[in-house]
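S.K.:
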Amino acid sequence: MTPPDTKKPTSDMSWLSRRLLWTDKPEAVNGIFYGLIAICLALAAIDFVIHRHTYFDVEHITFVYGIFGFLVYGTVVFLAKGLRVFIRRPEDYYGTHATDSEPEDLAGTESLLSQKGEPDV
Amino acid sequence: MFDVLSPALVYAGGAALTPFILNERLRQIFMLTIPVLALSLFWNLHEGTYAVFNLMNMQIGLMRVDKLSFIFGLIFSIAAFISVLYAWHVKDKLQQVATLLYAGAAIGAVFAADLVTLFVFWEATAIASVFLIWARRTPGAYYTGMRYLIIQISSGVILLGGIILQYQQTGSLAFDAMTLGSFSYENAGTWAIFIAFGIKCAFPLLHNWLQDAYPAATVTGTVTLSAFTTKLAIYALARGFPGTELLIYIGAAMTLFPIFFAAIENNLRRVLSYSINNQLGFMVVGIGIGTPLALNGTVAHAFCHILYKSLLFMSVGAVMFRTGTSKASELGGLYKSMPITMIFCIIGAMSISAFPLFSGFVSKSLILSAAADQGQFWIWLVLIIASVGVLEHSGIKIPYFTFFAHDTGKRVKEAPPHMLIAMGIAAFFCIGIGVYPQALYAMLPYDVDYVPYTTSHVVSQLQLLMFAGLAFAMLIRFGLYPPEFRSVNLDFDWLYRRLLPSIFRGLARMIERSWHAMTRLALYRLDRFLVVVYRAHGPQGPLARTWPTGSMVLWIAALLGTTLLLTYL
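Structural data, given as structure tokens:
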């Protein structure tokens, strides 16, 4: 959801893709963001209406699932970011003993097939 | 010969004939009929054990049909069909034969009534599947395949050892529920079987073969690989070790740790491999709890998981097929080129994230409810945390970084029609099961009355997922979400891929150096000794000198004189 790539023409896109081009616009991104907030608020409000069937006491806390989901998501991302500091290595770290730094075409992609002279699919 | 033909033999026969069908279109159609034909063999069979015979005093049963084996046989057949269809364009006979043999071996193992048959098919899955990695035909794939094969074959060898010990102890080869107990000489066999299952199931610290091997296979090979091996292990654990408490904790650990690795992994096929690990954890917890509800949950989750995981692997594979990469750092904005693939990917993502009306919701709920029913609060909590983790890497990261995010300007064609059909079938099941779960529930091993769509359940799940989605949106908005880099991340396999080899190299160098030092020292000492000997015995040495005869006579006379003198003293 970054600024649209204006260099590329949109006319050769499929009908479905053109219907989604609006997602590239900054105002649409804002719209999605505030829409998501609205959905979350609506879901949170349901907690006042329904009587929840629960297994554990902790589930009785209002908004508990929402708060939990929000916090856990953030925590997972930040912990993973922290983990990356220790475990990130260059792509060729394992050298020729791994496929990480090999051209991915060799896994049987379209360009490999066309190099072999096989027909388009 | 047999009352019923084993589906595995149909696959093996099909694999044997495949290379001889020269017309490519005809070969593909022939391959597509194999899963259908094999399925028709057991579709209408009543429960019981068929193809029973005696081999060297061992009671062998190739076809045990009950609800547990049937549902795994069914989903493996569907997965085989989808895999073959997805690989319609592949002309490599090696991959085609390997796919059929691999699927057949997995189905053969599922129907095995005895441990010997299980062992044979267990090893066959390992040997057949490695060719899907080697089919890439690069040095990296060769080494990765060797690592994969060593680990998989080790699992088989440990299984064989376990079977022999078990046979010695109990005199039975039947593959039924076993009691693990605490480790002792008497039940060493059971433990060996448990560990063999654990290796294939990618238990924590035994898991690295999965993330190592699956992204190394071919575009189509990874889709095939993702369906069988680990779910065969789930079947084996569900059959052999239901209600083993240890599995609850192993499973909980499995759900949790991969979510951190998946969040920062750049290779999307490796992200999905970590995700397999996490999903297997849910199933393992279900087996550990062992109640009918939990076991139903495990089986249902395995069924749904194969479908949505195949779907995700297929969509990432289709992107890789067209763009030539599966790395998040190189992708983005592909909704402009591959919108149908995007829709299928999102269906897979919503299924794995357990959105209501998608398959993951109706299967994962069973396991979560089973954990809560047993009062397992902490396990339940871990599963909830893991569910948010799933949303993070499989639900959001994969579709977002592939089809949206930063537009890399890649403009490619939509996925080929056969790939879209294969994805469409999987997507149909993902939604179909989510909307009408009764169809799946009716096939589960136990009769349990369970209603997944209750108001509180749906609302709770939606709150959890949407607020987590909001967290993602905020992290992106404020630039806090970790960017994707071209890199690899170390995992436990660093131990045997870097540390142990460098220790061995260090030891080898040390031994070489001490050998040189010792030989140098020994040669020096030998030289010194030879110099001394030379000094005494050499041409100029005192011992080599020539003496006149007269002096010798004089010395003899002196000696005799002394002797005479001493005699008379």
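Chains as they are written, first to last, in my numbering: chain A, 28 to 148; chain B, 83 to 651.
Ideal placement from N, C-alpha and C gives every residue a C-beta, glycine not left out.
Predicted model only: the values in this text are computed from it and were never measured.
Taking C-beta pairs closer than 7 angstroms, name the residues in chain A that B:R568 reaches, listed in chain order.
M.R.: Against the second sequence, residue 568 of chain B aligns to sequence position 486. The contacting residues are E118.
S.K.: Of the residues that make up the segment 571-582 of chain B, which ones have a beta carbon closer than 9 angstroms to any beta carbon in chain A?
M.R.: N571, L572, D573, W576, R579 and R580
S.K.: Can you tell me whether B:I142 is helix, strand or coil according to DSSP?
M.R.: As a first step, residue 142 of chain B is located in the second sequence; it is residue number 60 there, counting from the start. DSSP places B:I142 in strand when its eight states are reduced to three.
S.K.: Beta carbon of B:M260, beta carbon of B:F323: below 8 angstroms?
M.R.: As a working mapping, residue 260 of chain B is identified with position 178 in the second sequence. As a working mapping, residue 323 of chain B is identified with position 241 in the second sequence. Closer than 8 angstroms, so yes.
S.K.: Could you tell me if B:Q543 is buried or exposed, where buried requires 16 or more neighbouring beta carbons within 10 angstroms of its beta carbon?
M.R.: By one-based count along the second sequence, residue 543 of chain B stands at place 461. B:Q543 comes out buried.
S.K.: Distance, Cα to Cα, B:S433 vs B:F443?
M.R.: On the second sequence, position 351 is the one that residue 433 of chain B refers to. On the second sequence, position 361 is the one that residue 443 of chain B refers to. C-alpha separation (whole angstroms): 7 angstroms.
S.K.: For chain A, check one thing: does any of its Cβ atoms lie closer than 8 angstroms to the Cβ of B:S397?
M.R.: Translated into the one-based positions of the second sequence, residue 397 of chain B becomes position 315. Judged by the 8 angstroms Cβ criterion, B:S397 is not in contact with chain A.
S.K.: Using a Cβ cut-off of 8 angstroms (strictly closer), state whether B:P527 contacts chain A.
M.R.: By one-based count along the second sequence, residue 527 of chain B stands at place 445. Chain A, which has no Cβ nearer than 8 angstroms to the Cβ of B:P527, makes this no.
S.K.: Compare the C-alpha of A:F118 against each of B:T207, B:N136 and B:G222 and name the closest.
M.R.: If you number the first sequence from 1, residue 118 of chain A lands on position 91. The residue asked about is misnamed: residue 118 of chain A is Glu in this sequence, not Phe. Among B:T207, B:N136 and B:G222, the Cα nearest to that of A:E118 is on B:G222.
S.K.: Determine, using beta carbons only, whether A:E54 comes closer than 8 angstroms to chain B.
M.R.: Locating residue 54 of chain A in the first sequence gives position 27, counting from the first residue. So no, A:E54 is outside the interface.
S.K.: By alpha-carbon positions, which one of A:T89, A:L98, A:H124 and A:L133 ends up nearest to B:L547?
M.R.: For this step, residue 547 of chain B is matched to residue 465 along the second sequence. Selected option, being the one with the closest Cα: A:L98.
S.K.: B:Y616: buried (16+ other C-beta within 10 angstroms of its C-beta) or exposed?
M.R.: For the purposes of this step, residue 616 of chain B is taken as residue 534 along the second sequence, with counting starting at 1. Exposed, since its Cβ has fewer than 16 Cβ neighbours within 10 Å.
S.K.: Run through chain B and tell me which residues come within less than 7 angstroms of A:F60, C-beta to C-beta.
M.R.: By 1-based counting over the first sequence, the position of residue 60 of chain A is 33. Going along chain B in sequence order, the residues near A:F60 (Cβ under 7 angstroms) are A555 and R559.
S.K.: Within 8 angstroms of any Cβ in chain A, is that where the Cβ of B:H289 sits?
M.R.: Locating residue 289 of chain B in the second sequence gives position 207, counting from the first residue. Not an interface residue.
S.K.: Would DSSP call B:K173 helix, strand or coil?
M.R.: Residue 173 of chain B sits at position 91 when you count from the first residue of the second sequence. Note: B:K173 maps to coil in three-state DSSP.
S.K.: Within the continuous alpha helix (DSSP H) that includes B:N360, where are the two ends?
M.R.: Along the second sequence, one-based indexing puts residue 360 of chain B at 278. Element bounds for B:N360: L350 to I371.
S.K.: Look up B:A133 in the DSSP assignment and say whether it is helix, strand or coil.
M.R.: Residue numbering aside, residue 133 of chain B sits at position 51 when the second sequence is read from its first letter. B:A133: strand per DSSP, three-state reduction.
S.K.: Measure from the C-beta of B:V444 to each C-beta in chain A and report whether the shortest distance is under 8 angstroms.
M.R.: For the purposes of this step, residue 444 of chain B is taken as residue 362 along the second sequence, with counting starting at 1. No, B:V444 lies away from the interface with chain A (no Cβ there is under 8 angstroms from its Cβ).
S.K.: By Cβ distance below 6 angstroms, which residues in the same chain neighbour B:L150 in space, the five residues on each side in sequence not counted?
M.R.: Locating residue 150 of chain B in the second sequence gives position 68, where the first residue counts as 1. Its chain contains P527 as the residues whose beta carbon lies nearer than 6 angstroms to that of B:L150, once the 5 sequence neighbours on both sides are disregarded; these appear in chain order.
S.K.: Take B:F486 as the anchor and find which of B:D174, B:M505, B:L581 and B:E412 has the nearest alpha-carbon.
M.R.: On the second sequence, residue 486 of chain B is found 404 positions in, with the first residue counted as 1. When only C-alpha atoms are compared, the closest one is B:E412.
S.K.: Run through the DSSP bridge pairs and tell me what B:D196 is partnered with.
M.R.: Along the second sequence, one-based indexing puts residue 196 of chain B at 114. According to DSSP, B:D196 bridges with B:A256.
S.K.: Please compile the residues from chain A whose C-beta is within a distance smaller than 8 angstroms of the C-beta of B:L552.
M.R.: For the purposes of this step, residue 552 of chain B is identified with residue 470 of the second sequence, where counting begins at 1. Under the 8 angstroms cutoff, chain A gives L63, I64, C67 and F97.
S.K.: Could you give the distance in angstroms between the alpha-carbon of B:L137 and the alpha-carbon of B:L389?
M.R.: The residue you call residue 137 of chain B lines up with position 55 of the second sequence. The residue you call residue 389 of chain B lines up with position 307 of the second sequence. If you take the alpha carbons of B:L137 and B:L389, they lie about 37 angstroms apart.
S.K.: According to the neighbour-count rule (16 or more other Cβ atoms, all chains shown, within 10 Å of its Cβ), is A:F113 buried or exposed?
M.R.: Numbered from 1 along the first sequence, position 86 holds the residue referred to as residue 113 of chain A. So A:F113 ends up on the exposed side.
S.K.: Looking at chain B, which residues of the segment 84-95 of chain A have a Cβ within less than 9 angstroms of any of its Cβ atoms?
M.R.: V85, E86, F90, V91, Y92, G93, I94 and F95
S.K.: Against B:T181, what residues of chain A qualify as contacts under a CB-to-CB distance less than 8 angstroms, listed in chain order?
M.R.: Within the second sequence, the letter at position 99 stands for residue 181 of chain B. The contacting residues do not exist; B:T181 stays about 13 angstroms from chain A at best.
S.K.: Against chain B, with Cβ distances strictly below 8 angstroms, would A:S141 count as a contact?
M.R.: Walking along the first sequence from the start, residue 141 of chain A turns up at place 114. Not closer than 8 angstroms to any Cβ of chain B, the Cβ of A:S141 fails to qualify, so no.
S.K.: Could you check whether the Cβ of A:T33 sits closer than 8 angstroms to any Cβ belonging to chain B?
M.R.: Against the first sequence, residue 33 of chain A aligns to sequence position 6. Residue placement at A:T33 is poorly supported in this model, since its pLDDT is 49, which falls under 50; the coordinates still yield a value, given next. So no, A:T33 is outside the interface.
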